[in-house]
Amino acid sequence: MSKIKVLPDSLANKIAAGEVVERPSSVVKELLENALDAGARSINIEVEAGGKRLIRVVDDGEGMTRDDAIIAFERHATSKLRTAEDLEAITTLGFRGEALPSIASVSRLFLRTKTAGDTEGTEVEFNGGKLVAVRDIAWPGGAEVEVRDLFFNIPARRKFLKSDATESFHIANLVQHYALANPQLSFLLVGNGRDVIRVATARSLKERAYQVLGGALLDKLVEVNSEANGLKVLGFVSNPQEQRSSRDAQYLFVNRRFVRDQLIGRALSEAYRSMMPSGTYPAAVLFIEAPPTEVDVNVHPAKTEVRFLHEGAVLAFVRDAVAEALRSTQPITQVPGVARARAEENPGAGERIRWGAEEQRSGGAEERRSGGAEEQRSGGGGASTEDRGLHDVNGARVESRELIEQADAIYADRLAVSGEGVTDRPCATDSMLPESEATPLESNTLPGFGHGIKPLGQIRDSYIVATDEEGLLLVDQHVAHERVLFEQFRDARLARAAGLQPLLIPATLDLSPSEAEAFSIVEGELENIGIETMRLSG
1090 MSKIKVLPDS LANKIAAGEV VERPSSVVKE LLENALDAGA RSINIEVEAG GKRLIRVVDD
1150 GEGMTRDDAI IAFERHATSK LRTAEDLEAI TTLGFRGEAL PSIASVSRLF LRTKTAGDTE
1210 GTEVEFNGGK LVAVRDIAWP GGAEVEVRDL FFNIPARRKF LKSDATESFH IANLVQHYAL
1270 ANPQLSFLLV GNGRDVIRVA TARSLKERAY QVLGGALLDK LVEVNSEANG LKVLGFVSNP
1330 QEQRSSRDAQ YLFVNRRFVR DQLIGRALSE AYRSMMPSGT YPAAVLFIEA PPTEVDVNVH
1390 PAKTEVRFLH EGAVLAFVRD AVAEALRSTQ PITQVPGVAR ARAEENPGAG ERIRWGAEEQ
1450 RSGGAEERRS GGAEEQRSGG GGASTEDRGL HDVNGARVES RELIEQADAI YADRLAVSGE
1510 GVTDRPCATD SMLPESEATP LESNTLPGFG HGIKPLGQIR DSYIVATDEE GLLLVDQHVA
1570 HERVLFEQFR DARLARAAGL QPLLIPATLD LSPSEAEAFS IVEGELENIG IETMRLSG
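Residues 1090 to 1627 (the working numbering) make up the sequence shown, in order.
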């Protein structure tokens, strides 16, 4: 007797559902893409219990006839492919015909639809993959797919789903992506009776980005628009100061398809190299357009990954386009003390680093190169102690004492947190004075460092330039300050219960839809540490 048997369709559909339907957001994705392929102009999505209890997607697309509504639940039944050649140039979001049968096999599903030419609509009901009924109904047009009790017949899959709040976050994040990708459409996402996303049609990507992401982030974005060799990239990326700890704020699309593509992510990271610290990521809303024949979208069951025919060319193109957009805004901070290049001495030679106010001294650079004349501290050609300082690239004076005192304060905080005295700390301000006026620096070891550190200056309130026995240091001031605050908070939290001190004027935060859903996950934890919050609107 043969051991090999052909699986029945019901079991094959459940196996396919394991690949296509990973979680409730996977169902929303498949139904949302079908609505977009159907030419919908308005899409409404309703979910309950994070999509476990109910997912309903309603669109005003072209709809389906009675026969099509029934055959659509057969495996590999699709209207989007006809020949093998069509597979090499896919322009639709869906194409395999696996979504509807896979979803129907693990849920209780209703499809209601009607085309513009039909006089009555059709309702198709499935229960666990079995066709229950086909009915004639009154229906205005378009399609509605209602999915109830997801994984009701596969308890093992259902128990591995996350909390309602977590699943709601993934759904909101997905709809947010497709709302950004289609500014010409209107979207409504309702979660447990509350509006999560409601956006009307927008005239441009920038307007839609404002609708979805808010003005706070939009003000920090730089426009990208480049085209070459059949490739096109447009959208927005954040300036280097807007740093995220993950790639969650990167919305990437290839031929209007939402993807999680490592190649494009790597191109972004390379464009920001030397502008952002390691482990941080920029925000981005990027659309890459490539010839369909050079993009393979059939490499992942959920169609969230793509493969490019010329990967190196795509990586270089996206990297260079983003880097050029960033250069046009001059995001790179100049170090105080980098003076103007003296065009009269060497035109086009670029900028030279000059510590101090040498241009104000008599003799200037000629004396320094010859090693001759000694500085004069009085008289017509000399510069007084008050004149000595740093100059930026435009020649404007920067008070070195003020900058150094700010830098020195960071180390004072660090020492204070550790409980050690600060009276023996090196005097950073004196270290910037001429040698004859500076007080001797005593070697001192800061906590956590093996050598004494001497702060030299501060760069645009972001970095501290310092030296130690091994060389030059560049300290990320904000990260260091965050560490100080973290240790203070940690010590206070371990020592006593968190105290509550209401603000006179509460702080108001604007969150994107997905961030609002993520907030609901940690809302209880925030209350436990003494942070009271209240939702003002959707």
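Built from N, CA and C at the ideal position, the CB exists for glycine as well. Computed from a predicted structure; not experimentally measured.
Cβ neighbours of residue i in the same chain (closer than 6 Å, five flanking residues each side left out)
i     : result
S1275 : S1131, A1289 and T1290
A1166 : I1160 and G1186
Y1340 : H1266, L1269 and V1374
L1189 : A1161 and F1162
D1126 : T1181, L1182 and G1183
P1523 : No answer about P1523 holds up, because its pLDDT of 39 lies below 50 and its placement is not dependable.
I1620 : none
Residue i, DSSP secondary structure in three states
i     : result
E1155 : Sequence inspection shows Arg at residue 1155; the Glu mentioned does not correspond to that position. DSSP places R1155 in helix when its eight states are reduced to three.
V1110 : coil
D1565 : strand
N1271 : coil
T1382 : helix
L1216 : Inspection of the sequence shows that residue 1216 is occupied by Asn rather than by Leu. Looking at N1216 - three-state DSSP - the assignment turns out to be strand.
F1347 : strand
R1408 : helix
D1225 : strand
Between the CA atoms of residue j and residue i - distance to the nearest angstrom
i     : j     : result
A1106 : R1283 : 29 Å
R1390 : S1115 : Here the sequence assigns Pro to residue 1390, which means Arg is not the residue at that position. P1390 and S1115: Cα-Cα distance of roughly 11 Å.
D1350 : G1152 : 32 Å
N1387 : S1601 : 31 Å
G1304 : K1295 : 10 Å
P1329 : V1236 : 43 Å
A1356 : R1362 : 10 Å
L1615 : L1589 : 11 Å
F1199 : F1578 : 52 Å
D1175 : N1344 : 16 Å
A1597 : T1622 : Inspection of the sequence shows that residue 1597 is occupied by Thr rather than by Ala. Roughly 10 Å separates the two Cα atoms.
K1203 : D1156 : 11 Å
S1335 : V1264 : 19 Å
N1102 : V1095 : 13 Å
L1583 : E1571 : 18 Å
G1543 : T1418 : Correcting the residue identity first, residue 1543 is Lys in this sequence and not Gly. Cα to Cα, K1543 sits roughly 33 Å from T1418.
7 Å CB neighbourhood of residue i in its chain, flanking five on each side removed
i     : result
I1610 : A1254, T1255 and F1258
E1177 : T1382
G1217 : S1194 and N1242
Residue-level contact to chain C via CB, residue i, 8 Å cutoff
i     : result
V1326 : The structure shown has no chain C; it contains just one protein chain.
Beta-carbon gap between residue i and residue j smaller than 8 Å
i     : j     : result
R1201 : F1241 : no
L1277 : I1134 : yes
L1415 : L1352 : no
I1281 : S1603 : Sequence check: residue 1281 is Asn here, not Ile. No, these two residues do not count as a Cβ contact at 8 Å.
L1250 : R1145 : no
L1562 : A1569 : no
V1411 : V1326 : yes
A1245 : F1215 : no
E1209 : A1222 : no
L1320 : F1406 : yes
T1037 : D1207 : What the structure shows of the chain is the stretch from 1090 to 1627, and residue 1037 is not part of that stretch, so it cannot be assessed.
A1124 : V1213 : no
L1239 : K1141 : yes
Other residues of its chain near residue i: CB distance less than 8 Å, five sequence neighbours each side excluded
i     : result
A1129 : D1148, D1149, G1150, G1231 and L1274
T1205 : Checking the sequence, you will find Ala at residue 1205 rather than Thr. Contacts found: E1151, G1152 and G1230.
Within the stretch 1227-1268, ranges of the alpha helix (DSSP H) (whole runs, at least 4 residues)
1244-1247
If you scan the stretch 1119-1174 from start to end, which runs of the beta strand (DSSP E) of 3 or more residues do you find wholly inside it?
1131-1137 and 1143-1148
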